[in-house]
Amino acid sequence: MNVPDIIRRAIEIGERNGKITFDELNQLCGREPDLEDIERILEALSDAGIWLEGE
């Protein structure tokens, strides 16, 4: 899955649950994202007001 799709799906999950977990985000990524990708994803989640939490 490409980064824009990961962001879109992560925001959908976060809006539904009020948060997204590290495990859910890792499942969406499916591979080890590079640092730039991680920064883009975390920035988009922050802009959407979505918390990233451990389980």
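Numbers given in my numbering equal positions in the sequence shown, counted from 1, plus 26. Even for Gly, the Cβ is constructed at its ideal location relative to N, Cα and C.
Assuming Glu-79 contacts Thr-47 (C-beta within less than 8 Å), just tell me the rounded distance between them. With a Cβ gap of about 6 Å, Glu-79 and Thr-47 count as contacting.
Can you find the residues in the same chain that come closer than 6 Å, C-beta to C-beta, to Ala-77, ignoring five residues on each side of it along the sequence? The displayed chain sequence assigns Trp, not Ala, to residue 77. Closer than 6 Å at the Cβ level, and outside the excluded window around Trp-77, lie Lys-45.
Below 8 Å between beta carbons: does that hold for Leu-54 and Met-27? yes
Status (buried if at least 16 other CB within 10 Å, exposed otherwise) for Leu-51: buried
Excluding the 5 residues flanking Ala-74 on each side, which residues of the same chain have their C-beta closer than 7 Å to its C-beta? Within the same chain, Ala-74 has close Cβ partners Ile-37, Gly-40.
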